[in-house]
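Below: the structure, in structure tokens.
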Amino acid sequence: MGDVEVGVAVTGFVAEAPGRVCLFGEHQDYLGWPVVAGAIDLTCQIQFHRTPSDRLELDLPDIAAHAHWPGPPVGRPFDYLSAAWQAEPVTGWRATVRGTLPRAAGASSSTALVTAFVAGLAHAAGRAVAAADLACAAHHAEVTSQGEPGGQMDHLAIAHGGLHAFHFDGRPPERLPIPDAACLLIDTHEPKATLAILERAKSRRIELVANPSAATSPADRALLAATEASRDHSAEGTAALRAGDLPSAGAALTAHHAFLRDTLGVSTPRLEAALEAALTHGAYGGKLNGSGGGGTAVVLAPRDRVPRVMEAIRATGSTPYLVQLGAPGARIHPE
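In structure tokens form, the structure reads like this:
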């Protein structure tokens, strides 16, 4: 994170965390299989100011909400933030949250908020936090402490920044080259029920991957085979990214999306319309972004095709954003 000096002279700072897109391995991190995810330059920023108060005050003007610790409200996102504060009970600060990420859309706005909050609390307490530890603390606050489904992909991608392959077998994050292509985040404006989708997509597949011999019914065998094929498409796409082979990476993106649509059933007509429009007008490939059921999609496209691709996406009723893939991770900087 940033190198703002911590001490009595510091009266304010900003904790900032990016959103993320997942290129490969969607609905795969909780299986222990690799994912490829990158930070984007739409972010959550929390501005911290010292106060003489014996509380931590938090204003969230974008959702017309306020909280303070001790004594916060309950419910999301405050349950996540309370878990973070309990681990780092900082007082004497007032913080204001603002951001450019679409909310509840699959671009990890919730995780960006939690990660920025954890980073800000640590900085206010005079502690430096490595990216891996920040990801772990944010995952605990948002997932583990709440007993909720969900893997570590979002927290790792947001804490580390850049574009990485994240492995869950003890290997460190593998930094990948940023594709020489435009990256579009497509907001369908469809609200999504992330937790319900995760629970539906996750439980049986975890059992089958852990014990393939349990796939005794035709439906289970088909589910396991499709899950393994999607893993293989993700591996092929990751290899294509390493090699700078954008047409092959795009084809793997689209094949990965087909699994999410046809096997897990987490696409929607509006997602399909936006992705079809992008592909028809020259994109390399694309897929839904996040758990699915609405929200956002991500597309890679040749830079000279961006105007026509974006126009075609808008015609479907969705909003495309041209984003920087591989943006910096969570960080602290001066006001």
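Mind the numbering: the sequence shown is residues 154 to 488 in the numbering used here, read in order. The C-beta atom is built at its ideal place from N, Cα and C for all residues, glycine as well. Remember, predicted model here, so these are calculated numbers, not experimental data.
Drop a sphere of 10 angstroms on the beta-carbon of D340, count the other beta-carbons inside from all chains shown, and report buried for 16 or more, exposed for fewer.
On the sequence shown, residue 340 is found 187 positions in, with the first residue counted as 1. So D340 ends up on the buried side.
Quickly, what does DSSP pair Y474 with across the bridge? List them, please.
To locate residue 474, count along the sequence shown from 1; it is residue 321. BP columns for Y474 point to L338.
Have a look at T472 and P460 and give me their C-alpha separation to the nearest angstrom.
For the purposes of this step, residue 472 is taken as residue 319 along the sequence shown, with counting starting at 1. For the purposes of this step, residue 460 is taken as residue 307 along the sequence shown, with counting starting at 1. If I take the Cα positions, the gap works out to 13 Å.
Buried or exposed: which applies to V227, given that a residue is buried once 16 or more other Cβ atoms fall within 10 Å of its Cβ?
As a first step, residue 227 is located in the sequence shown; it is residue number 74 there, counting from the start. With fewer than 16 other Cβ atoms within 10 Å, it is exposed.
Taking Cβ positions, are L424 and A402 nearer each other than 7 Å?
As a working mapping, residue 424 is identified with position 271 in the sequence shown. As a working mapping, residue 402 is identified with position 249 in the sequence shown. Result no, Cβ atoms of L424 and A402 do not sit closer than 7 Å.
Can you check whether the CB of E295 is closer than 7 Å to the CB of V267?
Indexing the sequence shown from 1 puts residue 267 at position 114. Indexing the sequence shown from 1 puts residue 295 at position 142. Yes; because the gap between Cβ atoms is below 7 Å, this pair is in contact.
Mapping DSSP to helix, strand and coil, what is D207?
Translated into the one-based positions of the sequence shown, residue 207 becomes position 54. Correct three-state label for D207: coil.
If we ignore side chains and look at the alpha-carbon of each, how far apart do T249 and C197 end up?
Counting from one through the sequence shown, the residue named residue 249 turns up at place 96. Counting from one through the sequence shown, the residue named residue 197 turns up at place 44. Rounded to whole angstroms, T249 to C197 spans 11 Å at the Cα level.
What is the residue span of the alpha helix (DSSP H) that W238 lies within?
Start at 1 with the first residue of the sequence shown, and residue 238 comes out as number 85. Taken as a continuous stretch (DSSP letters only), the alpha helix (DSSP H) holding W238 covers 231-240.
Would you give the residue range spanned by the beta strand (DSSP E) that L441 belongs to?
For the purposes of this step, residue 441 is taken as residue 288 along the sequence shown, with counting starting at 1. Element bounds for L441: 438-442.
Check whether the stretch 254-268 touches the stretch 189-209, taking contact to mean three or more Cβ pairs, one atom from each stretch, closer than 8 Å.
Flag = yes, the stretch 254-268 and the stretch 189-209 touch.
Would you call the stretch 416-434 and the stretch 384-402 touching, i.e. three or more CB-CB distances under 8 Å?
Cβ pair count under 8 Å is below three, so no.
With burial defined as no fewer than 16 other Cβ atoms inside 10 Å of the residue's Cβ, what is the status of I216: buried or exposed?
Taking the first residue of the sequence shown as 1, we reach residue 216 at position 63. Classification for I216: exposed.
Assuming contact is defined by CB atoms lying nearer than 7 Å, are H409 and S387 in contact in what I supplied?
Within the sequence shown, numbered from 1, the residue matching residue 409 stands at position 256. Within the sequence shown, numbered from 1, the residue matching residue 387 stands at position 234. Against a cut-off of 7 Å, the Cβ pair of S387 and H409 comes out as a contact.
What separation, rounded to the nearest whole angstrom, lies between the Cα atoms of I311 and G445?
For this step, residue 311 is matched to residue 158 along the sequence shown. For this step, residue 445 is matched to residue 292 along the sequence shown. One C-alpha to the other measures close to 19 Å.
Can you name the residues that DSSP bridges to A465?
For this step, residue 465 is matched to residue 312 along the sequence shown. DSSP lists no partner for A465.
Report buried or exposed for T433, applying the criterion of at least 16 other Cβ atoms within 10 angstroms of its Cβ.
Position 280 of the sequence shown, counted from the first residue, corresponds to residue 433. Exposed, since its Cβ has fewer than 16 Cβ neighbours within 10 Å.
CB L453 to CB L413, shorter than 7 Å?
Against the sequence shown, residue 453 aligns to sequence position 300. Against the sequence shown, residue 413 aligns to sequence position 260. No, Cβ-Cβ distance for L453 and L413 is not below 7 Å.
Tell me which residues share the same chain as L361 and place their Cβ nearer than 8 Å to its Cβ, disregarding the 5 neighbours each side in the sequence.
Within the sequence shown, numbered from 1, the residue matching residue 361 stands at position 208. Excluding sequence neighbours, L361 sits near A367, A368, D373, L376, L377, T380.
On the DSSP bridge assignment, give the partners of W186 in chain order.
Against the sequence shown, residue 186 aligns to sequence position 33. Answer is none; W186 lacks a bridge partner.
Could you check what DSSP says for H201 in three-state terms: helix, strand or coil?
Counted from its first residue, the sequence shown places residue 201 at position 48. For the sequence presented, residue 201 should be read as Phe rather than His. Residue state, collapsed to three classes: strand.
Just how far apart, CA to CA, sit R484 and L213?
Along the sequence shown, read from residue 1 onward, the residue named residue 484 stands at position 331. Along the sequence shown, read from residue 1 onward, the residue named residue 213 stands at position 60. Each residue's Cα considered, the two are about 20 Å apart.
Could you give the distance in angstroms between the alpha-carbon of H180 and the alpha-carbon of K355?
Start at 1 with the first residue of the sequence shown, and residue 180 comes out as number 27. Start at 1 with the first residue of the sequence shown, and residue 355 comes out as number 202. Those two C-alpha atoms are separated by around 7 Å.
For a test of the three-state rule: what should DSSP assign to V271, helix, strand or coil?
In the sequence shown, the residue the question calls residue 271 occupies position 118. Three-state DSSP puts V271 in a helix.
Below 8 Å on the Cβ atoms is my guess for S235 versus W222; work out the distance and round it to an integer in Å.
Sequence index remark: in the sequence shown, residue 235 carries index 82 (1-based). Sequence index remark: in the sequence shown, residue 222 carries index 69 (1-based). Indeed they touch by this definition, with Cβ atoms about 7 Å apart.
Residue range of the beta strand (DSSP E) that R423 falls in?
Translated into positions along the sequence shown, residue 423 becomes position 270. Unbroken run through R423 is the alpha helix (DSSP H), 422-433; no beta strand (DSSP E).
Give the straight-line distance between the Cα atoms of C289 and Y233, rounded to the nearest whole angstrom.
Stepping through the sequence shown from its first residue, residue 289 is reached at position 136. Stepping through the sequence shown from its first residue, residue 233 is reached at position 80. Cα-Cα distance, rounded: 13 Å.
Would you decide whether G447 is buried or exposed? Buried here means 16 or more other CB atoms lie within 10 Å of its CB.
Position 294 of the sequence shown, counting from 1, holds the residue named residue 447. With 16 or more other Cβ atoms within 10 Å, it is buried.
Which residues does DSSP pair with I485 in a beta bridge?
Your numbering for residue 485 matches position 332 in the sequence shown. Looking at the DSSP assignment, I485 forms a beta bridge with A168.
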